[in-house]
Amino acid sequence: MTATGTTTGPGPVSGTGIRLNAPAPGWSIEADVVVVGSGVAGLTAALRCAAAGRRTVVVTKARLDDGSTRWAQGGIAAALGDGDTPEQHLADTLVAGAGLCDETAVRALVTEGPDAVHRLIGTGARFDTTPGSDEIALTREGGHHRRRIAHAGGDATGAEISRALVEAVRAAGLRTIENALVLDLLTDADGRTSGVTLHVMGEGQHDGVGAVHAPAVVLATGGMGQVFSATTNPAVSTGDGVALALRAGAEVSDLEFVQFHPTVLYLGPEAEGQQPLISEAVRGEGAHLVDADGTRFMVGMHELAELAPRDIVAKAIMSRAHEQGVDHMYLDGRHFGAQMWESRFPTILAACRSHGIDPVTEPIPVAPAAHYASGGVRTDLRGRTTVPGLYACGEVACTGVHGANRLASNSLLEGLVFAERIASDIAAPDIAAPGGADGGEPETSARPTGAATASGPRTTLPLLAPEARTAVQRIMTAGAGVLRSAESLARAAAELDGIHREATAAAGQDGAPAPDTDRKAPEPGVEAWEATNLLCVARVLVAAAQRREETRGCHWREDHPDRDDASWRRHFRITLDADRALSIRTTETADFPSTATP
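Heads up, the sequence shown is in the working numbering, so the first residue is 40 and it goes up one at a time.
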């Protein structure tokens, strides 16, 4: 996978014919809609599609409640409080997005958000209320000028939202396929979506590779935090949706804008994998960022001090740490007292104590870690991608809402609002439900699957050995982490290219073993597929970060420390060509063109 030159203009998009090396599907089912993912975005889309009479199947990589949503501690942002308005929420979002937000998309988010939250409550979600009343308790987080963050269980908002939606899905009797890794998009002869292939891992109804045939596919696969060594994301967040979309010919954008959460529990320089998050809500309630001497270094650095947007706080932590020759700072909430920690932040308190740290009596060591992908698969305001019939919502999508840096707690709201918009588009009266709109159970089919439903020639992507996953993560952390430069990114690109060449050398045409090498290609399987997806998104992220020669939002170039609106207030539109080369086009303005294909 190499990058081609930057161009402008719309450019046609078509299927690439690139697939993961996997066995042919041995079973299939029919549906009107297949939703891939079971977080707030996926389950909301599924429930709304089913309610509209569309036969809906939910595919999820683990159990229904194991996605990223359950880990969301802070809450969901919406203009719900007295004196707050969607316009104020919009203004805070645009500031955080550093000039790259799509204002129309943000306006849709903030105006539809309050009603969407109330519909979520109607689904069964229970938010914390102020003592002695039924009013939703609201708090502040970084970048917000008002208290507009609704939370549940103190710091267990995501878990409560997930619980409510999972119960609603089960009560509605939706067909679900758990423990299933989605592999590739299926398309018809005209290049339209016709379903997905997937691999069920052991405990599902079907074993092995199969297919769900449907004219509408909704990607809600979450993020790609596992591309870095340390992240707040669960182990399932391996960029599968973005990689699938690229192989299918869809555009991705803004992948260089990875938000590093500034306050993640620091467990030492060798810590890898999912790390405990110390929610921004802790700072929203008054905790202070301090260095080892107890000095509050955010005071005077930004008008909001510890509640500055996340990119600013993360940079400040890294800068202070470098000045002092250390690798972490501290979050001091000792003045809260034991009762507040136990009632408001019980999950965080338990996580800290499990690692031998007591926030009641000592500051918490914190450092930035990969948290949220502001970019992803490019969509329009109805969640439609550049591939007909393929939709995306939640963290896997690039709706234009987040721009160069997501405003805290806008992610759950974005998943909620745009999932409803997708369902409305799919359920539109002029869009017929090919399998019938009775909402009944999809039937298992024995008809041939796989190549018969995929258009054009097929190219198999060489698989990456599972053990290379750690190498990819360490390369990305060292070269494309919070601090980036031309030198670090060039080194990362070269090292990732080397891993790709090794995988290619171990495979011949269409993944068959190469006769001129002693290397053995890895066997198709979940670990190899995940590693291959991670390498794909890592190389796209690095290519975009190399091109963006400025500092903007959560993209921090040490060699280009200033924001450059004249040259870079625009987006990259990245696709994967049939020959596996990256095509990077640049928008002429900060506005995205239509996703409609010519």
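The C-beta atom is built at its ideal place from N, Cα and C for all residues, glycine as well.
For the alpha helix (DSSP H) that L535 lies in, which residues bound it at each end? As a first step, residue 535 must be located in the sequence shown, where it is residue number 496. Here the alpha helix (DSSP H) through L535 covers 525-544.
Mind checking which residues open and close the beta strand (DSSP E) that includes D371? Position 332 of the sequence shown holds residue 371. Bounds of the beta strand (DSSP E) holding D371 are 368-371.
Three-way DSSP call (helix, strand, coil) for S172 in this model: Within the sequence shown, residue 172 is the residue found at index 133, counting from 1. S172: coil per DSSP, three-state reduction.
Can you find a heavy atom of the ligand FAD that lies under 7 angstroms from the Cβ of V98? In the structure on display, the ligand FAD does not appear, and there are no ligands present to speak of.
Of all the CB atoms in chain D, is at least one closer than 8 angstroms to the CB of P404? Of the protein chains in the structure, only one exists, and it is not chain D.
Rounding to the nearest angstrom, what Cα-Cα distance links S633 and L446 in this structure? To locate residue 633, count along the sequence shown from 1; it is residue 594. To locate residue 446, count along the sequence shown from 1; it is residue 407. Roughly 25 angstroms separates the two Cα atoms.
Could you give the C-beta distance for P125 and V248, rounded to a whole number, given that I count them as a contact under 8 angstroms? Numbered from its first residue, the sequence shown carries residue 125 at position 86. Numbered from its first residue, the sequence shown carries residue 248 at position 209. Their Cβ separation, rounded to whole angstroms, is 46 angstroms, which puts P125 and V248 out of contact at 8 angstroms.
Whose C-alpha, out of T108, R58, P64, is nearest the C-alpha of L455? Here residue 455 refers to the residue found at position 416 of the sequence shown. If you compare the alpha carbons of T108, R58, P64 with that of L455, the shortest gap goes to T108.
Would you check if the distance between the CB atom of G92 and the CB atom of T196 is smaller than 8 angstroms? Counting from 1 along the sequence shown, the entry for residue 92 is found at position 53. Counting from 1 along the sequence shown, the entry for residue 196 is found at position 157. Against a cut-off of 8 angstroms, the Cβ pair of T196 and G92 comes out as no contact.
Which of helix, strand or coil DSSP assigns to I160: Position 121 of the sequence shown, counted from the first residue, corresponds to residue 160. Helix at I160.
What's the C-alpha gap between S606 and V297? As a first step, residue 606 is located in the sequence shown; it is residue number 567 there, counting from the start. As a first step, residue 297 is located in the sequence shown; it is residue number 258 there, counting from the start. Taking the straight line from one Cα to the other gives about 21 angstroms.
First and last residue of the beta strand (DSSP E) that includes M594? Residue numbering aside, residue 594 sits at position 555 when the sequence shown is read from its first letter. It is His, not Met, that sits at residue 594 in the sequence shown. Element bounds for H594: n/a, residue is neither H nor E.
Determine the extent of the beta strand (DSSP E) in which Q112 is found, giving its start and end residues. Taking the first residue of the sequence shown as position 1, residue 112 is located at position 73. Following the DSSP letters along the chain, one finds Q112 in no beta strand (DSSP E), marked with neither H nor E.
Once the 5 residues before and after R202 are set aside, which same chain residues still bring their CB inside 6 angstroms of it? Your numbering for residue 202 matches position 163 in the sequence shown. Excluding positions up to five away in sequence, the list is empty.
Scan the stretch 187-235 and note each continuous alpha helix (DSSP H) run of 4 residues or more that stays entirely inside, going in chain order. Counting only runs of 4 or more, we get 196-211.
Grouping DSSP H, G and I as helix and E and B as strand, with all else coil, what is G333? Taking the first residue of the sequence shown as position 1, residue 333 is located at position 294. Note: G333 maps to coil in three-state DSSP.
Please say whether V239 and D246 have beta carbons closer to each other than 8 angstroms? In the sequence shown, counting from the first residue as 1, residue 246 sits at position 207. In the sequence shown, counting from the first residue as 1, residue 239 sits at position 200. Yes, Cβ-Cβ distance for D246 and V239 is below 8 angstroms.
Cutoff 6 angstroms; reference D350; Cβ partners in own chain excluding five residues on either side: For the purposes of this step, residue 350 is taken as the residue at position 311 of the sequence shown. Taken in chain order, the residues that qualify are N444, G592, C593.
With distance defined between alpha-carbon atoms, name the residue in A390, E453, T277 nearest to G576. Start at 1 with the first residue of the sequence shown, and residue 576 comes out as number 537. A quick correction: the sequence has Val, not Gly, at residue 576. Comparing alpha carbon positions, the residue from A390, E453, T277 closest to V576 is T277.
Compare the C-alpha of R523 against each of G422, P404, A583 and name the closest. Numbered from its first residue, the sequence shown carries residue 523 at position 484. Comparing C-alpha distances from R523 to each of G422, P404, A583 shows the shortest one belongs to A583.
Under the DSSP definition of a beta bridge, which residues are partnered with L258? Counting from 1 along the sequence shown, the entry for residue 258 is found at position 219. Per the DSSP secondary-structure output, L258 pairs in a beta bridge with V75, A431.
Please state the DSSP three-state secondary structure of T405. For this step, residue 405 is matched to residue 366 along the sequence shown. The residue asked about is misnamed: residue 405 is Val in this sequence, not Thr. DSSP places V405 in strand when its eight states are reduced to three.
Could you spell out the range, first to last residue, of the beta strand (DSSP E) harbouring T498? The residue you call residue 498 lines up with position 459 of the sequence shown. Where T498 is concerned, the enclosing beta strand (DSSP E) stretches over 498-500.
So, do the stretch 161-169 and the stretch 315-334 have three or more beta carbon pairs nearer to each other than 8 angstroms? Between the stretch 161-169 and the stretch 315-334 there are fewer than three C-beta pairs closer than 8 angstroms, too few to call the two in contact.
Would you check if the stretch 150-162 and the stretch 282-298 touch, i.e. whether three or more CB-CB distances between them fall below 8 angstroms? Look at the beta carbons and you see the stretch 282-298 not touching the stretch 150-162: under three pairs across the two are nearer than 8 angstroms.
Do you know whose CA, among D604, V565, H599, A532, lies nearest R578's CA? Position 539 of the sequence shown, counted from the first residue, corresponds to residue 578. Measuring from the Cα of R578, the nearest candidate turns out to be A532.
Only counting the same chain, and skipping five residues up and downstream in sequence, which positions put a Cβ closer than 6 angstroms to that of T260? Position 221 of the sequence shown, counting from 1, holds the residue named residue 260. Short of 6 angstroms from the beta carbon of T260, and not among the five residues preceding or following it, lie these beta carbons of its own chain, in chain order: V75, G76, D279, G280, V435.
Where D123 and D223 are concerned, what is the direct C-alpha to C-alpha distance, given to the nearest angstrom? Residue mapping note: residue 123 aligns to position 84 of the sequence shown, counting from 1. Residue mapping note: residue 223 aligns to position 184 of the sequence shown, counting from 1. Using only the alpha carbons, I get a separation of about 44 angstroms.
Drop a sphere of 10 angstroms on the beta-carbon of T169, count the other beta-carbons inside from all chains shown, and report buried for 16 or more, exposed for fewer. As a position in the sequence shown, residue 169 is number 130, starting the count at 1. With fewer than 16 other Cβ atoms from the protein chains shown falling within 10 Å of its own Cβ, T169 counts as exposed.
With distance defined between alpha-carbon atoms, name the residue in D229, T132, V399 nearest to H184. Numbered from 1 along the sequence shown, position 145 holds the residue referred to as residue 184. Closest by alpha carbon: T132.
If we ignore side chains and look at the alpha-carbon of each, how far apart do R612 and R417 end up? As a position in the sequence shown, residue 612 is number 573, starting the count at 1. As a position in the sequence shown, residue 417 is number 378, starting the count at 1. Rounded to the nearest angstrom, the two C-alpha atoms are 8 angstroms apart.
Give me, in chain order, the residues of the same chain whose beta-carbon lies closer than 6 angstroms to that of T516; leave out the 5 immediate sequence neighbours on both sides. Along the sequence shown, one-based indexing puts residue 516 at 477. Short of 6 angstroms from the beta carbon of T516, and not among the five residues preceding or following it, lie these beta carbons of its own chain, in chain order: F267, S268.
Could you give the DSSP three-state label for C437: helix, strand or coil? Residue 437 sits at position 398 when you count from the first residue of the sequence shown. In this structure, C437 counts as strand in the three-state DSSP scheme.
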